[in-house]
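Here is the structure we will look at.
2 protein chains.
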Amino acid sequence: MSEPAVVTAAILVIGNEILSGRTQDANVKFLATGLNEAGVRLKEVRVVPDDEVEIIEAVHALRKKYDYLFTTGGIGPTHDDITAATMAKAFGVRLLRHPEAVERIRVQCERAGIELNEARLRMANIPEGAELVENTVSGAPGFRMENVYVLAGVPMIVEAMFASLRHELTGGAPVMSRALSVRLGEGTIAPLLTEVQDRYGDVDIGSYPSYRAGKFGVSVVCRTADAARLEACIAELDAGLRELGGTPEEEDLG
Amino acid sequence: MSEPAVVTAAILVIGNEILSGRTQDANVKFLATGLNEAGVRLKEVRVVPDDEVEIIEAVHALRKKYDYLFTTGGIGPTHDDITAATMAKAFGVRLLRHPEAVERIRVQCERAGIELNEARLRMANIPEGAELVENTVSGAPGFRMENVYVLAGVPMIVEAMFASLRHELTGGAPVMSRALSVRLGEGTIAPLLTEVQDRYGDVDIGSYPSYRAGKFGVSVVCRTADAARLEACIAELDAGLRELGGTPEEEDLG
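Here it is in structure tokens:
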């Protein structure tokens with residue numbers, strides 16, 4: 190059997206509001222989970238301000254390094270929404286009013302009983318050559334330029350856009366994961382984890398301490414694209430944790 | 190009056206668990222808020238895997254570009270905690286067992302009635318020349334190398350470490366912010382925002398749509414280090430939004 194191809198992605202969050210601490214990002218966790226299910230491994234996230242130079246630099250770096258890049262934020266109708274114009278600059282193409290995007294925004298305005306003004310039409314300005322990404326929530330589309338998907342910032346719209354583009358993604362073997370949680374200290378289980386990790390080089394074993402109800406516990410998460418190895422690794426960890434006096438419980442990762 | 194100095198920072202999140210979608214990051218919002226209050230502007234965030242090459246590349250890029258870099262995650266006792274060793278490599282120094290760190294971990298183990306084993310002592314391995322950052326929650330310290338603060342990943346410990354290091358930060362003028370929320374569409378208020386932003390180039394005006402109870406609304410956030418300009422800008426926006434038929438309400442940003 191040949192090694193399954195690894196397909197990678199990055200996310201670029203364009204958002205002063207995340208950097209100021211005003212807003213808690215909610216899109217990374219959603220996209221990370223969805224990409225993983227599609228067999229695409231999220232390898233990096235960057236958050237940059239609404240700044241043309243910073244955005245262009247990050248787009249170039251990330252889209253070269255990974256198979257896919259997803260951006261979130263900055264495609265609305267206001268002065269601080271500079272993503273579409275910036276993306277056109279990054280790709281060296283013109284920003285054009287896209288007739289199909291105009292139509293979708295027009296229909297949405299009519300439905301909502303709001304005026305189709307110049308600000309709203311600005312959301313139909315799309316880099317030349319881009320494919321639209323459907324927005325079933327509020328009409329104004331995202332778009333794809335080569336390997337870069339440009340999405341909204343509002344989580345509900347990001348989710349709708351991802352649902353509409355997911356079938357376009359070519360993933361590799363999806364990574365499966367299982368996790369055991371146990372009320373033992375990380376320092377207590379560390380030698381066991383090292384020993385099992387040494388024998389399961391193809392399984393990514395992570396140890397994540399938590400602090401609940403005044404006691405430290407730990408989640409041991411195993412990730413691999415090989416179902417049989419995953420099961421064997423979890424079984425060894427379970428036995429080892431019991432030997433250390435723990436009562437490991439399988440976590441629901443759904 | 191001379192322009193107040195702008196002091197900048199970046200955060201590097203070291204965490205497979207964020208990239209897999211398993212964990213929702215909680216440290217960025219906390220640190221962003223705390224830094225802002227200290228007069229330090231968070232300009233970039235990166236999330237990278239527990240991978241030596243990726244961490245070193247990001248540390249070099251970010252610590253050169255910004256005044257401060259804060260890393261979170263990867264300083265525990267298990268095999269996947271590679272931050273301290275990687276940081277020593279990044280700075281070209283040795284990783285040494287730090288006597289004061291050993292003592293703090295020993296005291297904590299004694300207090301908690303747990304064994305001071307080799308895995309726990311591993312948390313006392315600190316790059317040569319680093320200053321310790323106190324951890325009042327679980328003993329094992331973070332550390333500072335030049336302009337890089339290396340913190341834990343568990344939010345409660347990050348908060349404790351930030352509290353203990355905050356007095357060391359040299360900030361510029363703190364950015365103040367005020368926000369109005371209004372039940373108008375972004376497309377409706379966009380021309381007003383553009384017009385006010387043109388006259389208040391020194392105020393950063395951001396527009397953030399939200400979707401609550403089935404209706405779109407928008408938060409208009411103004412940020413600047415100049416209190417008088419902030420007040421004037423908010424007053425103009427308030428008047429303009431009322432002219433457009435809205436009933437703006439001041440948001441509590443605390």
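Residue numbers (the working numbering), protein chains in the order written: chain Z, 190 to 443; chain A, 190 to 443. No residue lacks a Cβ here, since even glycine has one placed at the ideal position from N, Cα and C.
{"Item": "Uninterrupted beta strand (DSSP E) stretches inside the stretch 323 to 379 of chain A (no shorter than 3 residues)", "Value": "331 to 334, 337 to 340 and 365 to 371"}
{"Item": "Bridge partners - A/I244, DSSP secondary structure assignment", "Value": "A/I244 is not bridged to any residue."}
{"Item": "As assigned by DSSP and simplified to three states, the class of Z/E439", "Value": "strand"}
{"Item": "Beta carbon of Z/T261 nearer than 9 Å to that of Z/I303", "Value": "no"}
{"Item": "Beta-carbon contacts of A/R311 that lie in its chain and below 6 Å, excluding the five residues immediately before and after", "Value": "P266"}
{"Item": "Endpoints, beta strand (DSSP E) assigned at Z/N314", "Value": "N314 to P316"}
{"Item": "Z/T359 classed as buried or exposed, judged by whether at least 16 other C-beta atoms fall within 10 angstroms", "Value": "exposed"}
{"Item": "Cα-Cα separation, A/V380 to Z/D269", "Value": "Before going on, a small fix: residue 380 of chain A reads as Pro here, not Val. Approximately 12 Å between the Cα atoms of the pair."}
{"Item": "C-alpha distance - Z/L430 paired with A/A273, whole-angstrom precision", "Value": "26 Å"}
{"Item": "Between the CA atoms of Z/A277 and A/I207 - distance to the nearest angstrom", "Value": "30 Å"}
{"Item": "Assigned secondary structure, Z/A199 (DSSP; H/G/I helix, E/B strand, else coil)", "Value": "strand"}
{"Item": "Z/M345: contacting residues in chain A (beta-carbon distance under 9 Å)", "Value": "Y400"}
{"Item": "Beta-carbon proximity check, A/R412 vs Z/S327, cutoff 9 Å", "Value": "no"}
{"Item": "Contact belief for Z/Y397 with Z/S408 at Cβ below 8 Å, rounded distance in angstroms", "Value": "5 Å"}
{"Item": "Range of the contiguous beta strand (DSSP E) that encloses A/T260", "Value": "Y257 to T261"}
{"Item": "Residue span of the alpha helix (DSSP H) that contains Z/E206, given as start and end", "Value": "N205 to L208"}
{"Item": "Alpha carbon of Z/V246 to alpha carbon of A/E348, nearest angstrom", "Value": "Note that residue 246 of chain Z is Glu in the sequence shown, not Val. The straight-line gap from Cα to Cα measures roughly 32 Å."}
{"Item": "Straight-line gap, A/I203 to Z/I394 (C-alpha atoms, nearest Å)", "Value": "15 Å"}
{"Item": "Three-state secondary structure assigned by DSSP to Z/V392", "Value": "coil"}
{"Item": "Listed by chain order, chain Z residues near A/S396 by CB distance under 9 Å", "Value": "G265, P266, T267, H268, D269 and D270"}
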